[in-house]
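Numbering (the working numbering), first residue to last: 5 to 318.
So, in C-alpha coordinates, the structure goes:
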(Lines of atoms letter the chains of each structure in order from A and count residues from 1; the text may use other names and numbers.)
(Lines give C-alpha, C1' and ligand atoms only; values in the text may rest on other atoms or scores of the structure.)
Protein backbone atom coordinates (compact mmCIF):
# COMPACT_ATOMS: atom_id res chain seq x y z
CA UNK A 1 0.00 0.00 0.00
CA UNK A 2 1.38 3.38 -1.01
CA UNK A 3 2.10 5.98 1.61
CA UNK A 4 -0.35 8.85 1.45
CA UNK A 5 1.07 12.35 1.60
CA UNK A 6 -0.25 14.11 4.67
CA UNK A 7 -0.68 17.84 4.47
CA UNK A 8 -2.75 20.58 6.01
CA UNK A 9 -5.12 22.85 4.12
CA UNK A 10 -3.61 24.77 1.22
CA UNK A 11 -2.99 28.44 2.03
CA UNK A 12 -5.33 30.82 0.20
CA UNK A 13 -3.97 32.15 -3.06
CA UNK A 14 -4.10 35.79 -4.11
CA UNK A 15 -5.96 36.45 -7.36
CA UNK A 16 -5.56 39.74 -9.17
CA UNK A 17 -8.49 41.65 -10.65
CA UNK A 18 -7.67 43.19 -14.03
CA UNK A 19 -9.79 45.01 -16.59
CA UNK A 20 -11.39 43.31 -19.58
CA UNK A 21 -11.59 45.11 -22.93
CA UNK A 22 -14.15 43.91 -25.47
CA UNK A 23 -12.86 44.64 -28.98
CA UNK A 24 -16.43 44.40 -30.34
CA UNK A 25 -17.63 47.18 -28.01
CA UNK A 26 -18.85 50.14 -30.12
CA UNK A 27 -18.16 52.50 -27.21
CA UNK A 28 -14.47 53.13 -27.87
CA UNK A 29 -14.38 55.68 -25.06
CA UNK A 30 -15.16 52.94 -22.55
CA UNK A 31 -12.32 50.79 -23.90
CA UNK A 32 -9.89 53.72 -23.72
CA UNK A 33 -10.89 54.41 -20.11
CA UNK A 34 -10.37 50.75 -19.15
CA UNK A 35 -6.95 50.73 -20.79
CA UNK A 36 -5.87 53.94 -19.05
CA UNK A 37 -6.88 52.43 -15.72
CA UNK A 38 -4.90 49.27 -16.53
CA UNK A 39 -1.81 51.39 -17.23
CA UNK A 40 -1.99 52.97 -13.82
CA UNK A 41 -2.87 49.74 -12.03
CA UNK A 42 -0.66 46.96 -13.35
CA UNK A 43 -0.15 47.13 -17.12
CA UNK A 44 -2.24 43.97 -17.68
CA UNK A 45 -5.75 43.48 -19.05
CA UNK A 46 -7.86 40.91 -20.87
CA UNK A 47 -8.99 41.23 -24.49
CA UNK A 48 -12.12 39.36 -25.60
CA UNK A 49 -14.15 39.18 -28.83
CA UNK A 50 -10.92 39.70 -30.74
CA UNK A 51 -12.02 37.90 -33.90
CA UNK A 52 -10.03 34.65 -33.59
CA UNK A 53 -12.48 31.78 -33.24
CA UNK A 54 -12.37 29.50 -30.22
CA UNK A 55 -12.24 26.52 -32.58
CA UNK A 56 -9.09 27.81 -34.26
CA UNK A 57 -7.48 28.67 -30.91
CA UNK A 58 -8.12 25.07 -29.83
CA UNK A 59 -6.51 23.81 -33.04
CA UNK A 60 -3.40 25.91 -32.45
CA UNK A 61 -3.08 24.54 -28.91
CA UNK A 62 -3.52 21.00 -30.24
CA UNK A 63 -0.83 21.51 -32.87
CA UNK A 64 1.47 23.05 -30.26
CA UNK A 65 1.05 19.99 -28.08
CA UNK A 66 1.90 17.72 -31.02
CA UNK A 67 5.24 19.44 -31.44
CA UNK A 68 6.21 19.22 -27.78
CA UNK A 69 5.22 15.53 -27.76
CA UNK A 70 7.90 14.81 -30.37
CA UNK A 71 11.08 13.01 -29.28
CA UNK A 72 13.84 15.39 -28.23
CA UNK A 73 16.07 14.39 -31.15
CA UNK A 74 13.30 15.44 -33.56
CA UNK A 75 12.83 18.80 -31.84
CA UNK A 76 16.58 19.45 -31.88
CA UNK A 77 16.48 19.32 -35.70
CA UNK A 78 14.78 22.74 -35.57
CA UNK A 79 16.92 24.25 -32.81
CA UNK A 80 16.74 28.04 -32.50
CA UNK A 81 19.05 29.78 -34.96
CA UNK A 82 20.90 33.10 -34.86
CA UNK A 83 17.71 34.88 -35.94
CA UNK A 84 15.89 33.54 -32.87
CA UNK A 85 13.63 31.20 -34.82
CA UNK A 86 12.98 27.62 -33.79
CA UNK A 87 13.11 25.39 -30.72
CA UNK A 88 14.47 26.29 -27.27
CA UNK A 89 15.01 23.27 -24.95
CA UNK A 90 14.17 22.94 -21.28
CA UNK A 91 16.42 25.08 -19.00
CA UNK A 92 17.74 27.00 -22.03
CA UNK A 93 16.59 30.38 -20.72
CA UNK A 94 17.19 32.02 -17.34
CA UNK A 95 14.94 35.04 -16.88
CA UNK A 96 15.91 35.84 -13.28
CA UNK A 97 19.54 34.72 -12.82
CA UNK A 98 19.88 36.36 -9.41
CA UNK A 99 17.21 34.10 -7.94
CA UNK A 100 17.22 30.95 -10.11
CA UNK A 101 19.40 27.91 -9.47
CA UNK A 102 19.01 26.78 -13.10
CA UNK A 103 17.06 27.63 -16.24
CA UNK A 104 13.30 27.91 -16.62
CA UNK A 105 11.25 24.71 -16.48
CA UNK A 106 9.90 25.33 -19.96
CA UNK A 107 10.61 24.64 -23.61
CA UNK A 108 9.51 26.85 -26.46
CA UNK A 109 9.36 27.54 -30.18
CA UNK A 110 9.90 30.93 -31.86
CA UNK A 111 8.10 31.96 -35.06
CA UNK A 112 8.48 35.41 -36.63
CA UNK A 113 7.61 37.30 -39.77
CA UNK A 114 9.09 35.16 -42.53
CA UNK A 115 11.76 37.06 -44.50
CA UNK A 116 13.57 35.05 -47.23
CA UNK A 117 17.36 34.93 -47.06
CA UNK A 118 17.66 36.67 -50.46
CA UNK A 119 15.66 39.66 -49.18
CA UNK A 120 17.88 42.59 -48.06
CA UNK A 121 15.61 42.94 -45.01
CA UNK A 122 16.91 39.58 -43.77
CA UNK A 123 20.20 41.23 -42.83
CA UNK A 124 18.49 43.22 -40.08
CA UNK A 125 18.31 41.88 -36.50
CA UNK A 126 15.40 39.52 -35.82
CA UNK A 127 14.58 39.32 -39.55
CA UNK A 128 15.00 36.15 -41.55
CA UNK A 129 13.38 32.87 -42.55
CA UNK A 130 11.56 30.69 -40.05
CA UNK A 131 12.54 27.09 -39.41
CA UNK A 132 9.83 24.45 -39.51
CA UNK A 133 9.38 20.78 -38.62
CA UNK A 134 9.19 18.62 -41.74
CA UNK A 135 5.66 18.40 -43.12
CA UNK A 136 5.94 14.63 -42.99
CA UNK A 137 6.53 14.86 -39.24
CA UNK A 138 3.75 17.36 -38.46
CA UNK A 139 1.40 17.72 -41.45
CA UNK A 140 -0.25 21.14 -41.62
CA UNK A 141 1.67 22.46 -38.60
CA UNK A 142 3.38 25.30 -40.46
CA UNK A 143 0.15 26.47 -42.09
CA UNK A 144 -1.67 26.55 -38.74
CA UNK A 145 1.07 28.56 -37.04
CA UNK A 146 1.46 31.01 -39.92
CA UNK A 147 -2.28 31.68 -39.90
CA UNK A 148 -2.32 32.20 -36.13
CA UNK A 149 0.70 34.49 -36.30
CA UNK A 150 -1.10 36.66 -38.87
CA UNK A 151 -4.40 36.76 -36.98
CA UNK A 152 -2.78 37.49 -33.62
CA UNK A 153 -0.80 40.32 -35.20
CA UNK A 154 -4.09 41.87 -36.33
CA UNK A 155 -5.38 41.63 -32.76
CA UNK A 156 -2.24 43.39 -31.57
CA UNK A 157 -2.79 46.19 -34.08
CA UNK A 158 -6.40 46.57 -32.92
CA UNK A 159 -5.16 46.95 -29.34
CA UNK A 160 -2.55 49.48 -30.51
CA UNK A 161 -5.34 51.75 -31.78
CA UNK A 162 -6.88 51.87 -28.31
CA UNK A 163 -3.43 52.57 -26.87
CA UNK A 164 -3.01 55.45 -29.33
CA UNK A 165 -6.24 57.07 -28.17
CA UNK A 166 -5.27 56.54 -24.53
CA UNK A 167 -2.05 58.49 -25.25
CA UNK A 168 -4.00 61.30 -26.98
CA UNK A 169 -2.64 60.33 -30.39
CA UNK A 170 -4.50 59.80 -33.65
CA UNK A 171 -6.23 56.42 -33.67
CA UNK A 172 -4.06 55.20 -36.59
CA UNK A 173 -0.77 56.50 -35.20
CA UNK A 174 0.74 53.04 -34.72
CA UNK A 175 -0.52 51.92 -38.15
CA UNK A 176 2.07 54.12 -39.84
CA UNK A 177 4.59 52.23 -42.02
CA UNK A 178 7.52 53.39 -39.90
CA UNK A 179 5.93 52.10 -36.69
CA UNK A 180 3.99 48.84 -37.17
CA UNK A 181 4.37 48.62 -40.94
CA UNK A 182 6.92 45.82 -40.65
CA UNK A 183 6.88 44.99 -36.95
CA UNK A 184 9.09 42.57 -35.07
CA UNK A 185 6.19 40.27 -34.23
CA UNK A 186 7.18 36.99 -32.61
CA UNK A 187 4.86 34.08 -31.87
CA UNK A 188 6.21 31.84 -29.16
CA UNK A 189 4.77 28.49 -28.17
CA UNK A 190 5.62 27.47 -24.62
CA UNK A 191 5.30 24.22 -22.69
CA UNK A 192 5.90 24.25 -18.94
CA UNK A 193 7.22 21.06 -17.40
CA UNK A 194 5.28 19.29 -14.67
CA UNK A 195 7.64 20.68 -12.06
CA UNK A 196 5.99 22.94 -9.54
CA UNK A 197 7.78 26.19 -8.84
CA UNK A 198 9.51 26.51 -5.49
CA UNK A 199 10.79 30.10 -5.16
CA UNK A 200 12.43 29.26 -1.81
CA UNK A 201 14.68 26.83 -3.70
CA UNK A 202 15.14 29.04 -6.77
CA UNK A 203 13.00 26.82 -9.01
CA UNK A 204 10.66 28.58 -11.45
CA UNK A 205 8.58 27.73 -14.49
CA UNK A 206 9.75 31.13 -15.71
CA UNK A 207 11.68 33.58 -13.58
CA UNK A 208 10.37 37.04 -12.71
CA UNK A 209 10.80 39.57 -15.50
CA UNK A 210 9.17 42.36 -17.47
CA UNK A 211 8.71 42.28 -21.25
CA UNK A 212 10.93 44.73 -23.12
CA UNK A 213 8.79 45.30 -26.21
CA UNK A 214 5.62 47.17 -27.15
CA UNK A 215 2.88 44.75 -26.08
CA UNK A 216 2.53 41.02 -25.43
CA UNK A 217 -0.57 38.93 -26.12
CA UNK A 218 -0.74 35.80 -23.98
CA UNK A 219 -3.11 32.89 -24.64
CA UNK A 220 -3.15 30.14 -22.02
CA UNK A 221 -4.77 26.82 -21.34
CA UNK A 222 -7.02 26.54 -18.28
CA UNK A 223 -4.15 26.11 -15.81
CA UNK A 224 -3.70 29.16 -13.58
CA UNK A 225 0.03 29.80 -13.77
CA UNK A 226 0.64 33.49 -14.48
CA UNK A 227 1.45 35.70 -11.50
CA UNK A 228 2.02 39.45 -11.45
CA UNK A 229 3.61 41.71 -8.86
CA UNK A 230 2.14 45.22 -8.90
CA UNK A 231 4.92 46.73 -6.79
CA UNK A 232 8.35 45.31 -7.55
CA UNK A 233 9.95 47.41 -4.81
CA UNK A 234 7.70 46.07 -2.05
CA UNK A 235 9.32 44.07 0.76
CA UNK A 236 8.23 41.34 0.55
CA UNK A 237 6.89 41.29 -3.00
CA UNK A 238 3.23 40.36 -3.28
CA UNK A 239 2.42 38.06 -6.18
CA UNK A 240 -1.12 37.59 -7.49
CA UNK A 241 -2.49 35.06 -9.96
CA UNK A 242 -4.20 36.10 -13.17
CA UNK A 243 -7.17 33.82 -13.81
CA UNK A 244 -7.30 32.44 -17.37
CA UNK A 245 -10.47 33.23 -19.35
CA UNK A 246 -11.35 30.81 -22.13
CA UNK A 247 -10.77 32.36 -25.53
CA UNK A 248 -9.30 35.60 -24.14
CA UNK A 249 -5.85 37.10 -24.52
CA UNK A 250 -4.05 38.48 -21.50
CA UNK A 251 -2.31 41.65 -22.70
CA UNK A 252 0.86 43.00 -21.09
CA UNK A 253 2.06 46.51 -21.90
CA UNK A 254 5.82 46.33 -22.38
CA UNK A 255 8.80 48.38 -21.25
CA UNK A 256 9.18 50.11 -24.62
CA UNK A 257 5.70 51.61 -24.39
CA UNK A 258 6.53 52.94 -20.94
CA UNK A 259 9.78 54.41 -22.28
CA UNK A 260 8.01 56.02 -25.24
CA UNK A 261 5.26 57.61 -23.21
CA UNK A 262 7.59 58.86 -20.47
CA UNK A 263 4.61 58.36 -18.20
CA UNK A 264 4.20 56.88 -14.71
CA UNK A 265 5.04 53.18 -14.81
CA UNK A 266 2.57 51.19 -16.86
CA UNK A 267 4.50 47.93 -16.81
CA UNK A 268 5.12 45.74 -13.81
CA UNK A 269 7.49 43.03 -12.71
CA UNK A 270 5.87 39.74 -13.62
CA UNK A 271 6.51 36.05 -13.99
CA UNK A 272 4.80 32.87 -15.04
CA UNK A 273 5.04 30.63 -12.01
CA UNK A 274 3.53 27.19 -11.72
CA UNK A 275 2.43 26.43 -8.18
CA UNK A 276 2.01 23.21 -6.27
CA UNK A 277 -1.69 22.63 -6.95
CA UNK A 278 -2.54 19.04 -7.71
CA UNK A 279 -5.25 20.00 -10.19
CA UNK A 280 -2.56 21.18 -12.57
CA UNK A 281 -2.19 18.93 -15.60
CA UNK A 282 1.02 17.74 -17.22
CA UNK A 283 0.39 20.23 -19.99
CA UNK A 284 0.56 23.90 -19.27
CA UNK A 285 0.65 25.37 -22.76
CA UNK A 286 0.79 29.04 -23.53
CA UNK A 287 1.17 31.06 -26.69
CA UNK A 288 2.67 34.52 -26.60
CA UNK A 289 2.81 37.08 -29.37
CA UNK A 290 5.42 39.75 -28.71
CA UNK A 291 4.65 42.83 -30.78
CA UNK A 292 7.56 45.22 -31.19
CA UNK A 293 7.88 48.11 -33.61
CA UNK A 294 9.86 48.02 -36.84
CA UNK A 295 13.56 48.84 -36.62
CA UNK A 296 13.10 52.25 -38.28
CA UNK A 297 10.80 53.45 -35.51
CA UNK A 298 13.38 52.58 -32.87
CA UNK A 299 15.60 55.35 -34.21
CA UNK A 300 12.95 58.07 -33.98
CA UNK A 301 11.12 60.10 -31.37
CA UNK A 302 8.00 58.21 -32.32
CA UNK A 303 5.66 59.75 -29.77
CA UNK A 304 5.37 63.44 -30.63
CA UNK A 305 4.55 64.51 -27.07
CA UNK A 306 7.76 63.06 -25.62
CA UNK A 307 11.38 63.81 -26.51
CA UNK A 308 13.22 60.53 -25.98
CA UNK A 309 13.37 57.76 -28.56
CA UNK A 310 12.56 54.09 -28.24
CA UNK A 311 16.12 53.30 -29.33
CA UNK A 312 17.43 54.68 -26.05
CA UNK A 313 15.37 52.06 -24.24
CA UNK A 314 16.90 49.04 -25.96
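For every residue, glycine included, the Cβ atom is placed at its ideal position computed from N, Cα and C.
Quick caveat, the model's predicted, so the values are computed rather than measured.
| Check | Outcome |
| --- | --- |
| Return the chain-ordered list of same chain residues with a C-beta closer than 6 Å to the C-beta of residue 294, the five sequence neighbours on each side being excluded. | 190, 217 and 220 |
| Going by other Cβ atoms of all chains shown within 10 Å of its Cβ, with 16 needed for buried, is residue 76 buried or exposed? | exposed |
| Who pairs with residue 116 in a beta bridge, going by DSSP? | None; residue 116 has no bridge partner. |
| So, does the CB of residue 36 fall closer than 9 Å to a CB anywhere in chain D? | Of the protein chains in the structure, only one exists, and it is not chain D. |
| Which of the three DSSP states, helix, strand or coil, is assigned to residue 21? | coil |
| Using only alpha-carbon positions, find the residue among 261, 119 and 139 that is nearest to residue 88. | 119 |
| Residue 238 to residue 81, Cα distance in whole Å? | 44 Å |
| Return the first residue and the last residue of the alpha helix (DSSP H) that residue 150 is part of. | 145 to 170 |
| What does DSSP give as the partner residue(s) for residue 183 in the beta ladder? | Note: residue 183 sits in no beta bridge, so no partner. |
| Just to confirm, is the Cβ distance from residue 38 to residue 55 under 9 Å? | no |
| Closest by CA to residue 111, which one among 296, 84 and 252? | 84 |
| Do residue 292 and residue 196 have their C-beta atoms closer together than 9 Å? | no |
| Just the C-alpha distance for residue 178 and residue 161, rounded to the nearest angstrom, thanks. | 8 Å |
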